[in-house]
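Peer 1: Each residue of the sequence shown is one higher than the one before, counting from 0 in numbering that gives the first Met the number 0.
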Amino acid sequence: MMQRLSRFFAQDMAIDLGTANTLVYMKNHGIVIREPSVVAVQKDHRGNFEVLAVGEEAKRMLGRTPGSITAIRPMKDGVI
């Protein structure tokens with residue numbers, strides 16, 4: 000996903016952090032990213048979280064992760 004965004008850093012953009020989907024809109028390009036608002040994280044031995052997957056890849060992990068990995072929808076009622 001970051002590779003798709005890197006070519007647009009000097010351009011006007013808008014980000015919609017929706018409960019179901021996250022959208023990125025680029026001026027003169029339209030919607031360039033439309034991904035589910037899902038993140039998969041793993042907690043390390045110090046209690047820090049590492050992001051393992053986001054978007055569609057993380058959505059496929061919902062309900063299918065081992066105990067050390069959690070796939071969640073961080074947005075609820077418009078709040079992270």
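Yeah, the Cβ is synthetic: ideal placement off N, Cα and C, and Gly gets one too. Only a predicted model underlies this, so the values are computations on that prediction, with no experimental measurement involved.
Evaluate contact between the region 68-76 and the region 16-25, counting only Cβ atoms and requiring at least three cross-stretch pairs below 8 angstroms.
Peer 2: yes
Peer 1: Is Lys58 helix, strand or coil by DSSP?
Peer 2: helix
Peer 1: What is the C-beta distance between Ile14 and Val38, in whole angstroms, given that I count them as a contact (C-beta under 8 angstroms)?
Peer 2: With a Cβ gap of about 15 angstroms, Ile14 and Val38 do not count as contacting.
Peer 1: Chain E beta carbons: is any one of them nearer than 7 angstroms to that of Thr18?
Peer 2: As a matter of chain content, chain E is missing from the structure shown, which is built from one protein chain.
Peer 1: Answer with buried or exposed for Ser36, where buried requires no fewer than 16 other C-beta atoms within 10 angstroms of its C-beta.
Peer 2: With 16 or more other Cβ atoms inside 10 Å of its own Cβ, Ser36 counts as buried.
Peer 1: Only counting the same chain, and skipping five residues up and downstream in sequence, which positions put a Cβ closer than 6 angstroms to that of Ala57?
Peer 2: In the same chain as Ala57, and ignoring 5 residues on each side of it, the C-beta atoms closer than 6 angstroms to its own belong to Val37, Val38, Ala39, Ala70, in chain order.
Peer 1: Going by alpha carbons, who is nearest to Val53 out of Gly46, Asn47, Arg45, Gln41?
Peer 2: Gln41
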